[in-house]
Amino acid sequence: MLVAVFWCAVIFAFTALPIFTGKNTGIVLEHLTHVPLKDLKPLNFLVRKTAHVVVYAVLALLLFYAMGHHAVLSYGLTTVYAASDEFHQIFVPGRTPAVQDVMLDSAAALIVILVLTRIRKQHRFGRR
Numbered sequence: 012m013l014v015a016v017f018w019c020a021v022i023f024a025f026t027a028l029p030i031f032t033g034k035n036t037g038i039v040l041e042h043l044t045h046v047p048l049k050d051l052k053p054l055n056f057l058v059r060k061t062a063h064v065v066v067y068a069v070l071a072l073l074l075f076y077a078m079g080h081h082a083v084l085s086y087g088l089t090t091v092y093a094a095s096d097e098f099h100q101i102f103v104p105g106r107t108p109a110v111q112d113v114m115l116d117s118a119a120a121l122i123v124i125l126v127l128t129r130i131r132k133q134h135r136f137g138r139r
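Residue numbers (this note's numbering): 12 to 139.
Right, dumping it as structure tokens:
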């Protein structure tokens with residue numbers, strides 16, 4: 012459980028630090044690719060949404076194991092944390108909360124939990 016709590020703190024820090032705003036990730040991409048910022052909007056969008064998927068997939072995985080493989084509880088906690096993180100963005104300059112991000116985070120959590128549940132069932136039934 013401690014690792015899951017630590018991961019929540021990492022997510023909170025990512026949200027709170029201005030360096031992780033969309034504008035700043037675009038600037039980083041501009042420096043890495045040497046492509047003008049205005050031409051990087053699709054890539055910036057993809058990078059940011061991929062980060063959402065990865066960050067919340069990891070949280071779902073950590074909670075799934077921390078909660079004793081309780082799928083519904085892990086999914087619910089991940090989704091509630093995603094919603095609270097978007098709410099947190101209201102108070103961070105340069106950040107904009109989006110319901111779509113909560114939906115994306117929630118979908119990532121659901122997929123991870125379904126895969127983990129399936130693997131657990133296959134492993135359990137494969138041993139008999």
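In this text, a Cβ means the ideal position worked out from N, Cα and C, and glycines have one as well.
Residue environment, residue i, which counts as buried when at least 16 other CB atoms sit within 10 Å
i    : result
D50  : exposed
I130 : exposed
A109 : exposed
For residue i, the first and last residue of its enclosing alpha helix (DSSP H)
i   : result
T44 : 33-44
R59 : 52-77
G87 : 82-99
T26 : 13-27
Cβ pair residue i, residue j closer than 8 Å
i    : j    : result
L74  : A27  : no
T32  : R106 : yes
T36  : Y67  : no
V123 : L72  : yes
C19  : L84  : no
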